[in-house]
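Chemist:
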Amino acid sequence: MKQTWWKEAVIYQIYPRSFMDSNGDGIGDLKGITSRLDYLKYLGVDVIWLSPIYKSPNDDNGYDISDYQAIMDEFGTMEDFDELLHEAHQRGLRIVMDLVVNHTSDEHKWFMESKSSADNDYRDYYIWREGKDDTQPPNNWGSCFGGPAWQYDETTKMYYLHLFSKKQPDLNWDNPKVRKNVFDMMTWWCDKGIDGFRMDVISMISKTKEMPDGKVTGFYGDYSPYCVHGPNIHRYLREMNEKVLSKYDIMTVGETPGVTTELAKQYAGEDTKELNMVFQFELVDTPGKYGKWTDEKLPLTELKKIMSRWQTELYGEAWNSLFWDNHDQPRAVSRFGNDTPKYREVSAKMLATCLHMMQGTPYIYQGEELGMTNYPFEKPSDFRDIESINAYSEWCESAGVSHEDFWPCLLFRSRDNARTPMQWDDSEEAGFTAGTPWIAVNPNYKEINAKEETANPDSVFHYYKKLIALRKLHPVIVYGKYELLLEDSKELYVYTRTSDKEKLLVVCNFSEQNTSFTIPEEFIGSPCLISNMENTYNDADIILKPYESFVLSNE
Ligand code: TEU
Ligand code: CA
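Residue numbers are given in our numbering: position 386 of the sequence shown equals residue 386, and the series is strictly consecutive.
1. Going by other Cβ atoms of all chains shown within 10 Å of its Cβ, with 16 needed for buried, is P341 buried or exposed?
2. In the structure shown, what three-state DSSP assignment does N528 receive?
3. If you drop the 5 nearest sequence neighbours on each side, which residues of the same chain put their C-beta closer than 6 Å to that of N417?
4. For R344, which three-state DSSP category applies?
5. With respect to the alpha helix (DSSP H) encompassing F406, which residues constitute its N-terminal and C-terminal limits?
6. Apply the 10 Å Cβ neighbour rule to I543 and answer buried if 16 or more other Cβ atoms are within range, or exposed otherwise.
7. Within the present structure, is the beta-carbon of I27 separated from the nearest heavy atom of ligand 2 by less than 7 Å?
8. Hey, R419 and I439 are a contact pair by Cβ (cut 8 Å); roughly how many whole angstroms apart?
9. Indicate whether the contact test is met: 3 or more Cβ pairs, each with one atom in the stretch 74 to 86 and one in the stretch 174 to 182, closer than 8 Å.
10. Please say whether G24 and T286 have beta carbons closer to each other than 8 Å?
11. Given 7 Å as the limit, tell me if C354 has its C-beta closer than that to any heavy atom belonging to ligand 3.
12. Would you kindly report the start and end of the unbroken beta strand (DSSP E) that includes F517?
13. Say yes only if the C-beta of E584 is nearer than 7 Å to one or more non-hydrogen atoms of ligand 1, and no if none qualify.
14. Alpha carbons only, please: which of G337, P176, Q280 is nearest the one belonging to E262?
15. With DSSP as the reference, please indicate the residues paired to M128 in a beta bridge.
16. Between S22 and ligand 2, is the CB less than 7 Å from at least one heavy atom?
17. Is C528 near V551, with beta carbons less than 8 Å apart?
18. Quick one: is the Cβ of R309 within less than 7 Å of any heavy atom of ligand 1?
19. Below 7 Å, is the gap between the Cβ of E79 and the nearest heavy atom of ligand 2?
20. Between the stretch 388 to 404 and the stretch 463 to 479, do three or more beta carbon pairs fall short of 8 Å?
21. So who's on the other strand from F197, going by DSSP bridges?
22. Below 8 Å on the Cβ atoms is my contact criterion, and I expect N139 with D213 to pass it. Report the Cβ-Cβ distance as a whole number of Å.
23. If you count every other CB in all the chains shown that lies within 10 Å of the CB of H403, and 16 or more means buried, which is it?
24. Assuming contact is defined by CB atoms lying nearer than 8 Å, are E113 and N102 in contact in what I supplied?
25. Skipping 5 residues on each side, what residues in its chain have a beta carbon closer than 6 Å to that of E453?
26. Can you tell which of K2, T155, M199 has the C-alpha that lies nearest to the C-alpha of V96?
27. Taking 8 Å as the threshold (C-beta atoms), are Q13 and Q266 in contact?
28. From the DSSP output, in three-state form, read off K481 for me.
29. Among D426, W189, G431, which has the Cα closest to the Cα of E447?
30. Looking at H89 and ligand 1, is the gap between the Cβ and the nearest heavy atom below 7 Å?
31. For Y293 versus F406, is the C-beta distance shorter than 8 Å?
32. Would you mind giving the Cβ-Cβ distance between L351 and P362, rounded to the nearest angstrom? I have them listed as a contact below 8 Å.
33. Return the CA-CA distance between L300 and Q311, expressed in angstroms with no decimal places.
34. Using three-state DSSP, classify I71 as helix, strand or coil.
35. Which word fits T135, buried or exposed, when buried means at least 16 other C-beta atoms lie within 10 angstroms of its C-beta?
36. To the nearest angstrom, how far is the alpha carbon of Y122 from that of N449?
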């Protein structure tokens with residue numbers, strides 16, 4: 001297996017709108033991020049992934065871009081960006097940009113041109129079709145954020161495709177001019193000195209020419225057989241690699257909804273010359289009661305099966321990202337651990353142990369290192385996210401699901417859980433802003449905040465710091481071979497990592513019960529690298545406390 005810096009790195013994801021506000025307008029910004037770089041350096045991460053910071057009307061918080069080479073007004077200026085990049089590099093931190101090129105904003109100049117007439121030079125930059133008849137869109141596809149995936153446009157009396165909101169028209173990647181424009185723009189950022197790209201829904205850029213109705217699931221037809229891993233996807237990625245990526249020492253991670261382990265070997269194979277790693281959702285996108293909306297936890301045996309398949313099938317062949325949460329997911333500790341005061345810290349540490357000892361590049365989503373929790377939303381108007389707002393109206397107001405049934409599902413899965421402001425200290429608005437934040441601060445900020453946790457050596461923060469440091473000392477964490485033990489246990493997640501020189505035993509109690517465990521012979525008397533309890537692991541037969549976890553090394 002090739003050794004590379006991006007396999008050894010730990011990535012920290014920043015959602016700029018909610019990270020740090022420097023000027024009191026209630027919206028996080030670039031200067032705010034620069035002011036907190038020392039905090040990230042102290043934590044020990046290597047790379048920062050910035051969610052989009054480009055000019056945008058913010059229909060989907062920056063994932064709808066109207067100018068790829070300008071900064072969003074609320075976030076600052078290009079000078080602020082240059083300063084951020086410079087200050088990051090001064091500290092040995094790299095910056096990876098979000099690249100959103102499946103779609104643009106409908107306010108992007110390409111789209112304004114494209115819709116202005118059917119023979120405009122930019123017409124073919126997007127995907128236009130005639131309706132089935134005067135009143136019906138070209139087919140039955142539904143968009144990711146609710147409603148149809150087609151929007152009628154008066155000017156030319158045709159429909160355009162938008163797999164996300166109607167303010168996010170899909171680009172036509174079959175047009176070589178689109179590819180050239182995108183590659184030139186990427187080159188421009190690389191020449192500025194950025195360190196990589198996280199590519200938004202990159203598995204969806206190539207669409208089939210035929211666009212038949214999809215199988216109806218929920219309210220609309222499913223577009224995925226025609227738009228996900230489409231006919232030219234690998235050709236376009238290899239072209240991007242050849243024309244841009246291969247010329248720089250950068251890392252690339254493809255957000256690849258729908259990817260299987262087989263396909264990952266193509267997208268992010270050791271030698272396929274496409275991307276460095278995939279970012280896949282098999283664990284977090286398990287279907288629920290109402291589409292993605294559910295309040296049910298995934299059983300541990302199921303979780304282990306999914307995780308283990310990615311661990312074993314990619315070994316030596318392709319590379320994966322490791323994450324429990326991001327800006328589209330609920331908070332890790334609320335979803336996979338236990339966010340009650342009694343177990344929040346210990347279960348957050350257990351989850352971190354479980355993930356950071358696996359094969360793949362770990363991602364920490366802002367606030368996860370503090371054990372930040374889901375938000376106690378009280379009413380529909382508390383939500384800011386287009387997906388949550390549309391889902392509530394689609395399921396409750398149109399489809400007649402009762403508020404009582406849907407509400408717990410929305411609370412459990414809403415993307416806004418991850419988007420509440422970073423909790424810096426116990427002052428008003430958690431030290432995030434001197435003004436009124438664009439989305440409410442979690443009321444638990446007096447107990448859970450960076451100031452308290454950086455000062456407390458037993459905090460979740462210091463536990464993450466220690467895990468990151470261990471990764472630098474023990475190559476087996478990056479390159480070792482994974483093996484699952486106790487497959488059928490409903491309480492324990494136990495696995496080993498093995499290299500020529502060292503073998504690790506990773507033990508995590510996912511349950512709220514005391515659970516017995518026998519340490520395998522070969523690890524008896526082995527030193528403990530990290531544990532979330534005051535415990536020594538010298539005896540073979542032990543009782544694990546709720547959410548206890550530890551790692552032994554028989555180097
Ligand atoms: O998300 C893509 C994606 O697959 C989402 O549908 C995701 O599964 C969903 O948000 C989970 O609820 C990316 C970005 O990460 C997301 O923030 C954007 O809204 C989306 O693309 C459109 O750009
Ligand atoms: Ca601001």
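The C-beta atom is built at its ideal place from N, Cα and C for all residues, glycine as well.
Only a predicted model underlies this, so the values are computations on that prediction, with no experimental measurement involved.
Modeler: Based on what the coordinates show:
1. exposed
2. What sits at residue 528 in the sequence shown is Cys, not Asn. Here C528 sits in strand by DSSP.
3. P330, R331, N374, Y375
4. helix
5. 403 to 413
6. exposed
7. yes
8. 6 Å
9. no
10. no
11. The model on display carries ligand 1 and ligand 2 but not ligand 3.
12. 515 to 518
13. Past the edges of the chain, shown from 1 to 555, lies residue 584, and the structure says nothing about it.
14. Q280
15. The sequence shown places Trp at residue 128, not Met. Y160, per the DSSP bridge assignment.
16. yes
17. yes
18. no
19. no
20. no
21. M97, T252
22. 5 Å
23. exposed
24. no
25. L370, S459, F461
26. M199
27. no
28. strand
29. D426
30. no
31. The sequence as given places Trp at residue 293; Tyr does not occur at that position. Cβ atoms of W293 and F406: closer than 8 Å.
32. Contact flag wrong, Cβ pair sits at about 11 Å.
33. 16 Å
34. strand
35. exposed
36. 49 Å
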